[in-house]
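Residue numbers (the working numbering): 30 to 220.
Here's what the structure looks like:
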């Protein structure tokens with residue numbers, strides 16, 4: 030049976046295995062998502078599968094294959110009806126890949142061309158994009174020694190933190206507080 034629920038379970042399993050650095054296991058878990066996603070022509074299933082696969086390819090040092098996977102995710106959003114959620118997921122994976130590739134120019138271009146879109150998102154989608162962009166700025170600081178990146182990161186964190194606290198999204202609150210601590214520490218504010 031081609032169960033959509035099975036695909037979501039396998040996506041979660043693949044994400045966990047990826048975090049544990051079991052790239053072979055993660056890719057194996059995604060195979061079912063690829064099959065079911067292609068059968069249903071569903072960006073909701075394909076974007077996370079291709080996106081996570083791109084991150085795995087990058088982790089293995091296969092940047093061209095990683096970029097090809099992101100392009101397949103982009104194609105999935107063009108081939109079928111894509112919701113703002115699907116486009117947000119694509120952006121999250123694309124930003125994560127650019128961070129891994131140290132392509133901060135691409136992140137800046139994406140942010141400039143999609144500024145009103147991502148800022149108009151609400152709830153979890155906006156929080157997730159904000160967190161991705163904060164991570165990008167902190168990574169830019171560490172890789173390029175760009176002090177302005179930390180100030181920009183903190184400027185994004187504060188309103189997102191207030192919004193997450195007001196919404197009761199404590200997972201996002203915790204992530205934002207950790208990122209804020211990293212930015213503060215990098216600025217020498219260890220207390």
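Note that the Cβ used here is the ideal one computed from N, Cα and C, for glycine as well. Fair warning: this is a prediction, and the values are worked out from it, not measured in the lab.
Near residue i, which residues of its chain fall below 7 Å by C-beta distance, leaving aside the five closest residues on each side in sequence?
i           : result
residue 163 : 182, 185, 186, 208
residue 63  : 78
residue 126 : 83, 84, 87, 95, 99
residue 116 : 106
residue 108 : 70
residue 66  : 36, 74, 75, 78
If you reduce the DSSP assignment to three classes, tell me which class residue i lands in.
i           : result
residue 171 : helix
residue 32  : coil
residue 41  : helix
residue 187 : helix
residue 220 : coil
residue 201 : helix
residue 196 : helix
Please classify residue i: is it buried, with 16 or more other beta-carbons within 10 angstroms of its beta-carbon, or exposed?
i           : result
residue 169 : buried
residue 219 : exposed
residue 61  : buried
residue 217 : exposed
residue 195 : exposed
residue 120 : buried
residue 158 : buried
Are the beta-carbon atoms of residue i and residue j separated by less than 8 Å?
i           : j           : result
residue 179 : residue 215 : yes
residue 122 : residue 80  : yes
Is any heavy atom of the ligand SAM found at a distance shorter than 7 Å from the C-beta of residue i?
i           : result
residue 150 : This structure simply doesn't include the ligand SAM, nor any ligand for that matter.
Quick one: residues in its chain with C-beta nearer than 6 Å to the C-beta of residue i, no 5 flanking neighbours on either side, listed in chain order?
i           : result
residue 202 : 193, 194
Note to self: Restricting to runs no shorter than 4 residues, where is the alpha helix (DSSP H) found entirely within the stretch 111-177?
What the structure shows: 113-129, 133-142, 144-149, 152-173
Note to self: As an exercise, report each continuous alpha helix (DSSP H) stretch of at least 4 residues that is fully enclosed by the stretch 52-95, in chain order.
What the structure shows: 52-69, 72-88
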